[in-house]
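Have a look at the structure below before the remarks.
Number of protein chains: 2
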Amino acid sequence: MTRTRVNSALIRRINTGRLFHIIRQNPGISQQRLSIQSGIDPATISIIITNLETTGIVRRTTDAPTGRAGRPTVALNIDARAGFLAGIGIEPDAIRVTLATIDGMACADVTVAGSTEPEAAALAAHEGVAAALRSVKAGRGALLGVGIALPGLVSLEGRVVFAPNLGWRDLDIAAMLARHLKCPIRLENDVKAAAIAEHLFGASRDITDFVYIMGRSGIGGGLYMMGEVYRGPHGLAGEIGHMKMVPGGRACGCGARGCLEAYVSERAILAELAAKGHQARDVAGILRGFEQGDAIVGAVLGEAGYYLGLGLANLINIVSPRRIVLGGSLARLAPCLLPAAMDSLHANALAAIMRDVELVVSVLGDDAAPMGGVALALHQFLDDPPIKLGRGRDHGAGPPE
Amino acid sequence: MTRTRVNSALIRRINTGRLFHIIRQNPGISQQRLSIQSGIDPATISIIITNLETTGIVRRTTDAPTGRAGRPTVALNIDARAGFLAGIGIEPDAIRVTLATIDGMACADVTVAGSTEPEAAALAAHEGVAAALRSVKAGRGALLGVGIALPGLVSLEGRVVFAPNLGWRDLDIAAMLARHLKCPIRLENDVKAAAIAEHLFGASRDITDFVYIMGRSGIGGGLYMMGEVYRGPHGLAGEIGHMKMVPGGRACGCGARGCLEAYVSERAILAELAAKGHQARDVAGILRGFEQGDAIVGAVLGEAGYYLGLGLANLINIVSPRRIVLGGSLARLAPCLLPAAMDSLHANALAAIMRDVELVVSVLGDDAAPMGGVALALHQFLDDPPIKLGRGRDHGAGPPE
DNA sequence: TGAATTATTTTTACTCTTTAAAAAACCCTT
DNA sequence: AAGGGTTTTTTAAAGAGTAAAAATAATTCA
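Chain order of the listed sequences is A and B.
Residues 9 to 409 (the working numbering) are what the first sequence spells out, left to right.
Residues 9 to 409 (the working numbering) are what the second sequence spells out, left to right.
Here is the structure:
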């Protein structure tokens with residue numbers, strides 16, 4: 009457990025990363041504005057940007073004349089030609105690949121058939137990435153990093169601990185893909201990955217503390233705290249779907265009773281509707297029933313909303329995020345769930361803590377998992393950049409004798 | 009919101025702090041061992057230690073001869089003569105002051121009568137600190153910092169947002185004390201402060217992720233994550249006592265129903281016993297009844313333990329700490345509560361996450377709040393050290409001309 | 001047209017940091 | 001007394017951020 013050395017190289021990496029993100033989120037920014045926004049000295053900015061330009065990560069372009077006096081600003085942009093990052097969302101029935109430039113702009117989407125057989129899934133993922141690269145006419149060498157997001161517990165070392173939907177347990181899927189793709193690969197739980205994507209590319213770019221809640225077959229959570237996703241000592245933190253709402257309540261797939269997931273997940277709502285004789289078979293069916301004012305649907309959604317609000321209140325009291333982001337099926341069901349949820353939320357969250365919490369719906373939608381993969385790949389790219397960060401002295405490369 | 013500058017000075021502060029804590033926790037360590045344990049180069053160690061010695065924070069003493077060949081090691085210790093830190097625990101009926109040296113060794117304890125009138129409380133706290141300083145024959149100048157811990161919500165800026173037991177709301181108690189004491193003062197919620205003390209002085213020194221749960225009149229929580237206490241965007245995170253256990257359950261002082269606090273706090277247990285005709289009036293009475301095998305006490309404690317286990321399961325699923333530390337009245341009641349709690353805990357926490365979680369009782373006991381104050385003062389001392397950290401060039405201070 | 005003005009970026013000179021290697025310090029053994 | 005073995009300090013070098021000065025490149029004004 010040797011801790012990372014705190015030295016000059018770390019300084020440079022941190023400051024370079026800061027500047028990268030500011031440029032990424034403010035395309036065309038000038039060095040002076042960059043200095044103001046980052047608090048870093050203009051001289052340092054000059055050195056770092058020159059370095060990033062030399063290595064092809066940043067591009068300088070002369071701005072259109074502003075009409076004002078003074079030396080014209082130079083616009084800085086992340087250079088889309090630097091290469092590509094691939095995000096892979098693995099689900100039992102489909103593997104979705106998003107290819108993006110290093111500033112996170114998606115430029116290709118490919119979906120291939122999934123598999124619960126690990127080697128087959130890795131091969132399918134590889135084919136998806138290859139197809140995406142072909143669609144942008146890029147070669148293998150242009151792939152700078154890959155991130156994989158899947159529904160399940162992922163250890164800090166990037167191994168699948170347990171993924172019930174895929175039937176995987178203690179599996180190194182990243183290593184299997186690495187046999188096909190020679191570039192850095194990072195693996196993470198899909199909700200944590202989506203939370204990172206929300207922070208890098210979504211609506212919570214300016215916020216360091218939020219909770220991402222994703223409904224899929226179950227309910228998952230990603231806790232973004234102090235500017236990074238919280239993984240916990242083994243990487244397993246954030247399983248908010250198994251928060252207990254009712255002692256001895258409904259049976260949950262985890263073996264316990266009364267879990268949030270057993271009341272609010274897509275699967276739970278559909279099961280409850282079926283038990284009450286309603287014929288809805290998917291989220292669209294639920295929405296249709298809700299719009300038509302179906303009494304059964306209304307009652308079931310009211311109950312689900314009540315427990316969702318209660319769960320959110322618990323999260324607010326415990327974690328006190330600045331924002332809660334609803335994603336996946338929860339985003340689609342939000343219009344039906346929120347009225348009841350807001351009632352129980354306000355009744356159960358502490359007023360002083362609740363005051364400044366926002367509740368929003370994710371803008372990433374169903375792209376959350378593959379975009380989460382892109383976010384993982386970008387983090388990997390910046391944590392361990394394939395470039396030299398040093399001050400590029402260019403005193404003539406004369407032949408050494 | 010200008011972020012802290014990442015530069016050489018930050019490096020030095022981080023590395024100096026690391027070395028300080030290693031010396032504090034390994035008294036008499038040599039520089040070579042320090043280098044191995046910290047990963048910092050021996051040359052850097054030499055510079056930093058020389059600096060800390062010059063400023064009186066570290067003392068070098070020649071070790072007793074080891075009998076082995078080679079240059080003898082020099083023992084490093086935090087210099088107890090550097091000054092004192094005061095920790096103040098404010099409660100409605102008593103104000104407790106602990107005076108400690110800068111390595112956190114307590115050297116005086118003073119308790120004075122409390123007050124719910126803020127100015128009177130500040131004056132009493134000041135008198136407690138003065139008495140403690142007198143008891144170690146130290147002057148005002150020896151006081152390097154003060155930390156205050158109190159039961160209530162504290163903002164990031166160090167103001168009391170709401171402290172129901174004290175009847176305080178939106179109050180700057182630190183400023184009131186600052187009129188009497190001219191030194192840095194830091195204020196924090198008592199459970200967060202206790203969590204910091206647990207990390208600095210308690211049994212969780214080697215752990216970066218744990219949850220401290222303290223029973224007092226209510227139930228409070230301190231989440232220690234990634235090596236620091238989590239405060240959340242407004243400093244209010246960690247109110248685990250208001251986690252909802254039973255929809256529409258017992259009424260809680262917060263206005264909601266079914267809170268953990270309404271089942272497991274000292275007050276709740278006593279109220280439930282009274283409702284069932286038992287005469288226990290305090291924790292000692294509960295313990296006596298439990299030891300005598302009283303049926304009512306057994307039933308009430310069984311129920312409380314069940315909900316405690318459920319709450320711990322929720323925390324484990326959501327936060328996934330490496331350890332849960334029980335403090336305050338929960339520590340004293342632990343023997344009675346844990347049997348039932350362990351049952352519901354194991355039944356409701358996800359097995360993969362639960363596997364490596366430890367459940368322990370705090371060693372700080374009732375000293376948690378004032379020792380939390382000491383911990384706050386120590387953090388303040390290291391965050392903003394009253395010394396120059398630079399390489400102390402001592403080339404003769406010739407008079408400038 | 002050409003010099004002054006204005007604003008942005010780069011260079012310079014400096015201090016700060018960590019660090020590898022060499023040197024010094026110090027005790028034990030022979 | 002000389003040699004050997006550890007620990008600590010010094011030395012020299014490389015890399016980082018930064019304040020101030022200089023260079024750059026436009027507009028503005030006479």
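Cβ atoms here follow ideal geometry from the backbone N, Cα and C, with glycine treated the same way.
Please read all numbers here as calculations on a predicted model, not as lab measurements.
Item, Value
"Cβ separation of Ile110 (chain B) and Leu84 (chain B), assumed to be a contact under 8 angstroms, to the nearest whole Å", "In fact, because the Cβ distance is near 14 angstroms, the residues do not count as touching under 8 angstroms."
"Where Glu311 (chain A) meets chain B, residues with beta-carbon distance less than 9 angstroms", "None at all; the shortest Cβ gap to chain B is about 10 angstroms."
"Glu311 (chain A) - DSSP class collapsed to helix/strand/coil", "helix"
"Helix, strand or coil at Val137 (chain B) according to DSSP, with G and I counted as helix", "helix"
"Neighbour list for Arg142 (chain B) in chain A, Cβ cutoff strictly below 8 angstroms", "None at all; the shortest Cβ gap to chain A is about 39 angstroms."
"Range covered by the beta strand (DSSP E) that runs through Tyr271 (chain B)", "No beta strand (DSSP E) holds Tyr271 (chain B); the alpha helix (DSSP H) holding it covers Glu269 to Val272."
"Backbone secondary structure at Met253 (chain B) - three-state DSSP", "coil"
"Boundaries of the beta strand (DSSP E) in which Ile221 (chain A) is found, first to last residue", "Phe218 to Gly223"
"Neighbour flag for Met233 (chain B) against chain A, beta carbons, 8 angstroms", "yes"
"Gln388 (chain A) beta carbon less than 8 angstroms from that of Gly228 (chain A)", "no"
"Classification of Gln300 (chain B) by the beta-carbon crowding that lies within 10 angstroms, buried from 16 upward", "exposed"
"Validate contact between the segment 307-316 of chain A and the segment 349-369 of chain A using beta carbons, cut 8 angstroms, 3 pairs", "yes"
"Boundaries (first-last residue) of the beta strand (DSSP E) holding Ala171 (chain B)", "Val168 to Ala171"
"Distance, Thr58 (chain A) Cα to Ala88 (chain A) Cα", "17 angstroms"
"Whole-angstrom distance between Gln45 (chain B) and Gly25 (chain B), CA atom to CA atom", "14 angstroms"
"Contact list for the segment 103-124 of chain A against chain B, Cβ threshold 7 angstroms", "none"
"Cβ contact (3+ pairs, closer than 8 angstroms) linking the segment 179-190 of chain B and the segment 212-232 of chain B", "no"
"Bridge partners - Val105 (chain B), DSSP secondary structure assignment", "B:Ile96 and B:Val118"
"For Arg20 (chain B), the first and last residue of its enclosing alpha helix (DSSP H)", "Ser16 to Gln33"
"Buried versus exposed, by CB contacts within 10 Å (16 or more), Pro73 (chain A)", "exposed"
"Partner residues on chain A for Gly246 (chain B), Cβ-Cβ distance less than 8 angstroms", "Ile326 and Ser328"
"Under 7 angstroms (Cβ pairs) to chain A, residues found in the segment 339-368 of chain B", "Ala355, Asn356, Leu358, Ala360, Ile361 and Asp364"
"Per-residue contacts from Asn15 (chain A) into chain B (C-beta, under 7 angstroms)", "Ile19"
"Three-state secondary structure assigned by DSSP to Arg401 (chain A)", "A caution first: Arg401 (chain A) carries a pLDDT of 38, below 50, which makes its placement in the model unreliable, though a value can still be read off. Correct three-state label for Arg401 (chain A): coil."
"N- and C-terminal bounds of the beta strand (DSSP E) containing Asp178 (chain A)", "Trp176 to Leu179"
"For Arg331 (chain A), the nearest candidate out of A:Arg213, A:Ser225 and A:Pro343 (CA to CA)", "A:Arg213"
"His354 (chain B) classed as buried or exposed, judged by whether at least 16 other C-beta atoms fall within 10 angstroms", "exposed"
"Validate contact between the segment 246-266 of chain A and the segment 247-261 of chain B using beta carbons, cut 8 angstroms, 3 pairs", "yes"
"For Val66 (chain B), three-class secondary structure by DSSP", "strand"
"Continuous alpha helix (DSSP H) assignments of at least 4 residues falling wholly in the segment 287-336 of chain A", "291-299 and 303-327"
"Bridge-paired residues (DSSP) for Arg239 (chain B)", "In the DSSP output, where bridge partners are listed per residue, Arg239 (chain B) has none listed."
"Helix, strand or coil at Glu409 (chain A) according to DSSP, with G and I counted as helix", "For Glu409 (chain A), the predicted structure reports a pLDDT of 25, less than 50, and the residue's modelled location is therefore unreliable. The matter cannot be settled from this model."
"Helix, strand or coil at Glu196 (chain B) [DSSP, three-state]", "strand"
"Interface positions of the segment 161-178 of chain B facing chain A (Cβ-Cβ less than 7 angstroms), listed along the chain", "Leu161, Val169 and Phe170"
"Residue environment, Cys373 (chain A), which counts as buried when at least 16 other CB atoms sit within 10 Å", "Before going further, note that residue 373 (chain A) is Gly rather than Cys in the sequence given. Looking at its Cβ environment, which holds fewer than 16 other Cβ atoms inside 10 Å, Gly373 (chain A) is exposed."
"Residue environment, Gly436 (chain A), which counts as buried when at least 16 other CB atoms sit within 10 Å", "No answer is possible for residue 436 (chain A): it lies beyond the span of chain A, which begins at 9 and ends at 409."
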